[in-house]
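In our numbering, the protein residues as written are 798 to 1058.
This is the structure in structure tokens:
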């Protein structure tokens, strides 16, 4: 699933292409909104909220989308020919640019004035103007017995961190993903490090936490199960973590971070 930095960069691209321009094409290819038409309206803004995308249109209208696992938005020069790809969920275009949403996990139209009803539950946004590290820590500590690896992925605690940054941040701080939140003394440092990693990667394609962008060298533990730890040489472990039906794979070094509990 795309992480907060990818969604932030997507929102910026959508804003640059659509904001301040009148829509000349509006094509929703999801059953619930198949008859919706935003043609003639002006896009006022496009922002990210954690992993959510909000495209605001005049008239108190917001197009809310979520990429989920395979979704993407692609911006290109506007074209007159039909777009026949069955994976397309939405097309928004002005005279110059078109934005096409492919395989979006969620598409809906909501009132801009009621966005809080849709995304208001999210915790502080790691890449947003509302970032508040102390509030993120407070929310994490509200469930002290919960494994920190699970808690960091809960968007109600802090919005934007995903599996890669969770694994990399915990490794860099030497904390096991299985350690209960209430036993982690470095929570403020963990959430601030997660933010710094997202900020460092938000303006580029690809995610690098090691400082080395070479293929296969970008991460410390994420995606490296069965390989030696770059620090100590121990074998990187991989396991599912979380409640049934909500499990996410996690990676960690048993020597640098401790054994699974």
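Note that beta-carbon positions come from the ideal geometry of N, C-alpha and C, so glycine has one too. Treat the numbers as computed from the prediction; the structure is a model and nothing was measured.
Cβ-Cβ separation, residue 826 to residue 887 (assumed contact under 8 Å), whole Å: In the chain shown, the residue the question calls residue 887 occupies position 90. In the chain shown, the residue the question calls residue 826 occupies position 29. The pair is a contact, with the Cβ atoms about 6 Å apart (cut-off 8 Å).
In chain order, each beta strand (DSSP E) run of at least 3 residues that lies wholly inside the region 845-920: 849-854, 858-863, 869-874, 885-890, 894-899, 903-908
Residues near residue 1005 by beta carbon distance below 7 Å, same chain, minus five either side: Residue 1005 sits at position 208 when you count from the first residue of the chain shown. Hits under 7 Å: 998, 1015.
Between the CA atoms of residue 845 and residue 819 - distance to the nearest angstrom: In the chain shown, residue 819 corresponds to position 22, counting from 1. In the chain shown, residue 845 corresponds to position 48, counting from 1. Roughly 21 Å separates the two Cα atoms.
Three-state secondary structure (DSSP) of residue 944: Indexing the chain shown from 1 puts residue 944 at position 147. Three-state DSSP puts residue 944 in a strand.
Counterpart residues of residue 1038 in DSSP-defined beta bridges: Here residue 1038 is taken as the residue at index 241 of the chain shown, counted from 1. Its beta-bridge partners are 1045.
Best match in 923, 864, 971 for proximity to residue 946 [C-alpha to C-alpha]: As a first step, residue 946 must be located in the chain shown, where it is residue number 149. Per the Cα distances, 971.
Residue interval of the alpha helix (DSSP H) (run including residue 931): For the purposes of this step, residue 931 is identified with residue 134 of the chain shown, where counting begins at 1. Run containing residue 931: 930-938, per the alpha helix (DSSP H) assignment.
Segment limits, alpha helix (DSSP H) that includes residue 802: Taking the chain shown and counting its residues from 1, one reaches residue 802 at position 5. It spans 801-815 - the alpha helix (DSSP H) in which residue 802 sits, taken as one unbroken run.
Residue 1025 - partner residues in DSSP beta bridges: As a first step, residue 1025 is located in the chain shown; it is residue number 228 there, counting from the start. 1032, per the DSSP bridge assignment.
Exposure of residue 883, with buried meaning 16 or more beta-carbon neighbours within 10 Å: To locate residue 883, count along the chain shown from 1; it is residue 86. By the 10 Å Cβ count, residue 883 comes out exposed.
Buried or exposed by the 16-neighbour rule on C-beta atoms within 10 Å, applied to residue 1040: Position 243 of the chain shown, counting from 1, holds the residue named residue 1040. Exposed, by the Cβ-count rule.
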